[in-house]
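Listed in order, the protein sequences are those of chains S and U.
First residue of the first sequence: 1, per the working numbering; consecutive thereafter.
First residue of the second sequence: 1, per the working numbering; consecutive thereafter.
Where a beta carbon is used, it is the ideal one built from N, C-alpha and C, also for glycine.
Just so you know, these numbers come straight off a predicted model, no measurement behind them.
Notes for the one structure printed next.
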Amino acid sequence: MQQLSTKHLLGIKGLTAEDIQLIFETADNFKDVINRPIKKVPSLRDITIANVFFENSTRTRLSFELAEKRLSADVINFSSSNSSVKKGETLIDTVNNILSMKVDMVVMRHSSPGAPHFLSQNIDANIVNAGDGTHEHPTQALLDSFSIREKLGDVAGKKVAIIGDVLHSRVALSNIFCLQKLGAEVMVCGPVTLLPKYISSLGVKVEYDVKKALQWCDVANVLRIQLERQQIKYFPSLREYSLYYGVDRKLLDQLDKEIVIMHPGPINRGVELNSNVADSEHSIILNQVENGVAIRMAVLYLLAGVK
Amino acid sequence: MQKRLVLDQKQIAITLDRFCHQLIENHDDFDNTVLLGLQPRGTLVLDKIVKRLKEISGVEVPSGYLDATFHRDDFRRRDIPLKANETKINFLIENKKVVLVDDVLFKGRSARAAMDAMIAFGRPQKVELMVLIDRKYTRDYPIKPDYCGRKVNTLESQYVSVEWASQGFAQDAIWITEKEVKS
Numbered sequence: 001m002q003q004l005s006t007k008h009l010l011g012i013k014g015l016t017a018e019d020i021q022l023i024f025e026t027a028d029n030f031k032d033v034i035n036r037p038i039k040k041v042p043s044l045r046d047i048t049i050a051n052v053f054f055e056n057s058t059r060t061r062l063s064f065e066l067a068e069k070r071l072s073a074d075v076i077n078f079s080s081s082n083s084s085v086k087k088g089e090t091l092i093d094t095v096n097n098i099l100s101m102k103v104d105m106v107v108m109r110h111s112s113p114g115a116p117h118f119l120s121q122n123i124d125a126n127i128v129n130a131g132d133g134t135h136e137h138p139t140q141a142l143l144d145s146f147s148i149r150e151k152l153g154d155v156a157g158k159k160v161a162i163i164g165d166v167l168h169s170r171v172a173l174s175n176i177f178c179l180q181k182l183g184a185e186v187m188v189c190g191p192v193t194l195l196p197k198y199i200s201s202l203g204v205k206v207e208y209d210v211k212k213a214l215q216w217c218d219v220a221n222v223l224r225i226q227l228e229r230q231q232i233k234y235f236p237s238l239r240e241y242s243l244y245y246g247v248d249r250k251l252l253d254q255l256d257k258e259i260v261i262m263h264p265g266p267i268n269r270g271v272e273l274n275s276n277v278a279d280s281e282h283s284i285i286l287n288q289v290e291n292g293v294a295i296r297m298a299v300l301y302l303l304a305g306v307k
Numbered sequence: 001m002q003k004r005l006v007l008d009q010k011q012i013a014i015t016l017d018r019f020c021h022q023l024i025e026n027h028d029d030f031d032n033t034v035l036l037g038l039q040p041r042g043t044l045v046l047d048k049i050v051k052r053l054k055e056i057s058g059v060e061v062p063s064g065y066l067d068a069t070f071h072r073d074d075f076r077r078r079d080i081p082l083k084a085n086e087t088k089i090n091f092l093i094e095n096k097k098v099v100l101v102d103d104v105l106f107k108g109r110s111a112r113a114a115m116d117a118m119i120a121f122g123r124p125q126k127v128e129l130m131v132l133i134d135r136k137y138t139r140d141y142p143i144k145p146d147y148c149g150r151k152v153n154t155l156e157s158q159y160v161s162v163e164w165a166s167q168g169f170a171q172d173a174i175w176i177t178e179k180e181v182k183s
């Protein structure tokens with residue numbers, strides 16, 4: 001297979017396992033490119049990409065922008081904080097105005113789940129979802145699985161525990177879809193208040209004891225506590241959360257095997273993940289960041305090639 | 001389907017031997033020369049050249065595989081994107097003499113893209129092009145080979161197919177075939 005089955009990357013749910021493999025194989029080549037003395041290729045030189053961010057982002061936005069520039073695309077950046085959205089402009093109007101400037105692709109982050117899906121039904125450009133509310137964050141899931149594949153050789157048959165604030169996490173949902181499509185077993189672990197009520201209907205194991213989860217898994221993907229999305233108290237205090245669900249060296253030393261630690265960032269050090277784990281040899285957190293650029297290059301390249 | 005034999009196994013072996021001797025003539029002991037096979041099919045020619053050169057002169061010439069997919073000028077102009085292959089170059093080509101190796105030279109667009117891709121690994125002192133088959137009068141770019149196995153006259157409607165025994169064919173052979181017309 002040489003072409004994606006979709007014109008947009010709205011979520012992992014809409015991708016096939018073959019699509020994901022194609023993205024990985026293309027990302028292998030781009031990872032090679034970004035480790036060369038000259039890190040740029042001219043593939044997208046006739047393409048203009050708009051990064052439309054209605055929600056704050058540092059890592060994802062930088063990663064997308066770098067991927068776009070490495071592919072020689074022209075890039076324009078838009079953030080809602082200093083735009084006409086504040087003056088009451090609608091989403092479609094905003095994006096159509098950007099598209100009138102002859103933009104070919106839109107990378108969008110929005111706080112409302114489904115915003116990129118809505119946009120894809122109303123405009124012609126390719127849409128890449130860079131995170132929509134608590135719904136999906138497909139490129140993060142792709143780079144997570146790509147990093148597991150790189151570290152352990154394959155994703156199929158591996159056991160992956162997603163630990164922490166699953167309720168508010170778009171990374172968790174995209175990861176569950178992606179890992180399952182690639183044949184991994186998935187467990188979610190966290191306080192009962194931070195796990196969605198019907199999460200087991202997705203075919204994942206549910207665990208409330210972090211030690212048992214770590215003992216079960218080959219890879220632990222530790223999520224950030226998203227205080228900004230929590231309107232009510234889901235646990236008594238950060239200190240208590242850290243005591244019961246924080247992953248630290250002592251916990252890892254109690255296991256009878258070595259596991260891989262991942263985190264989508266940004267890390268709340270000392271809350272969900274302790275520094276002596278985040279900076280240890282078990283952690284592949286910085287590999288994830290590097291792989292993020294290669295994965296995003298692959299996604300943009302393949303979507304631009306879909307007719 | 002009509003097929004016309006251009007080179008058979010024996011002729012290909014003679015051509016590869018000639019290439020090796022020409023390279024030795026021009027590059028002495030290869031102390032500043034590297035060979036790059038163009039993905040996907042030039043790498044097969046390259047491997048044979050490297051092996052034969054070692055047999056003839058005892059020198060293991062540094063070599064690598066170069067993929068130019070991301071540097072092509074026909075991206076988004078094809079029906080489906082080309083799938084990239086591995087680039088395997090474990091050295092810099094800064095100030096080196098580079099010989100690009102491919103099987104068939106047609107429009108010259110792959111060779112142009114390859115030169116573009118190659119620059120990512122440094123500024124070469126000199127670049128040469130080696131091809132088994134040069135399709136005459138078909139070039140889109142002003143590119144011509146420095147080492148050529150056989151020049152052939154072909155029509156746009158024809159393919160040049162290079163078959164290798166190592167790829168499961170009965171023997172090494174190069175054919176001109178008619179493209180199948182879709183009804």
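Item: Quick one: does Gln2 (chain S) have its CB under 7 Å from some CB of chain U?; Value: yes
Item: Kindly indicate the opening and closing residues of the beta strand (DSSP E) around Ser63 (chain U).; Value: Ser63 to Leu66
Item: Using CA atoms only, rank isn't needed, just tell me which of U:Ser57, U:Glu128 and U:Lys151 is closest to Arg135 (chain U).; Value: U:Lys151
Item: Residues of the stretch 81–100 of chain U in Cβ contact with chain S at a cutoff of 8 Å, in chain order, please.; Value: Pro81, Leu82, Lys83, Ala84, Asn85, Glu86, Thr87 and Leu92
Item: How big is the Cα-Cα spacing for Phe121 (chain U) and Met297 (chain S)?; Value: 20 Å
Item: Helix or strand or just coil, what does DSSP make of His21 (chain U)?; Value: helix
Item: Please say whether Ser112 (chain S) and Gly133 (chain S) have beta carbons closer to each other than 7 Å?; Value: yes
Item: Hey, could you find the ends of the beta strand (DSSP E) Asn291 (chain S) is sitting in?; Value: Looking at the DSSP string, Asn291 (chain S) is not in any beta strand (DSSP E); the run it does join, the alpha helix (DSSP H), is Ile285 to Ala304.
Item: Identify the contact partners of Asp79 (chain U) in chain S, using a Cβ-Cβ distance below 7 Å as the criterion.; Value: Lys307
Item: In the DSSP assignment, find the beta strand (DSSP E) that holds Asn153 (chain U) and state where it starts and stops.; Value: Tyr147 to Asn153
Item: To be precise: take each residue of the stretch 18–37 of chain S, compare its Cβ to all Cβ atoms of chain U, and keep it if any distance is under 9 Å. Which residues remain?; Value: Leu22, Glu25, Thr26, Asp28, Asn29, Phe30, Asp32, Val33, Arg36 and Pro37
Item: Taking only runs of the beta strand (DSSP E) that begin and end inside the stretch 47–120 of chain U, which ones reach a length of at least 3 residues, in chain order?; Value: 63–66 and 97–105
Item: Leaving out five residues before and five after Pro196 (chain S) in sequence, what residues of the same chain have Cβ atoms less than 7 Å from its Cβ?; Value: Val166 and Leu167
Item: Looking at the secondary structure, which residues open and close the alpha helix (DSSP H) in which Ser120 (chain S) lies?; Value: Ala115 to Ser120
Item: So which of S:Pro42, S:Ile199, S:Ile12 and S:Leu243 has the shortest CA-CA distance to Leu71 (chain S)?; Value: S:Pro42
Item: So is His21 (chain U) in contact with chain S if we call contact Cβ pairs under 7 Å?; Value: no
Item: Suppose contacts are defined by Cβ-Cβ distances below 7 Å. Is Leu179 (chain S) in contact with Val186 (chain S) by that definition?; Value: yes
Item: Closest to Gly11 (chain S) by C-alpha separation, out of S:Phe118, S:Asn221, S:Asn122 and S:Val192, would be which residue?; Value: S:Phe118
Item: Excluding five sequence neighbours on each side, which residues of the same chain lie with their C-beta closer than 6 Å to the C-beta of Val104 (chain U)?; Value: Ile133 and Val160
Item: Which of the three DSSP states, helix, strand or coil, is assigned to Ile34 (chain S)?; Value: helix
Item: Compare the C-beta of Ser72 (chain S) with all C-beta atoms of chain U and state if any pair is closer than 7 Å.; Value: no
Item: Can you give me the C-alpha to C-alpha distance between Leu22 (chain S) and Lys83 (chain U), rounded to a whole angstrom?; Value: 9 Å
Item: Out of S:Val192, S:Val222, S:Ile98 and S:Thr58, state which residue places its alpha-carbon closest to the alpha-carbon of Ile49 (chain S).; Value: S:Ile98
Item: Considering Cα atoms alone, identify which of U:Thr154, U:Ser110 and U:Asn32 is closest to Ser63 (chain U).; Value: U:Asn32
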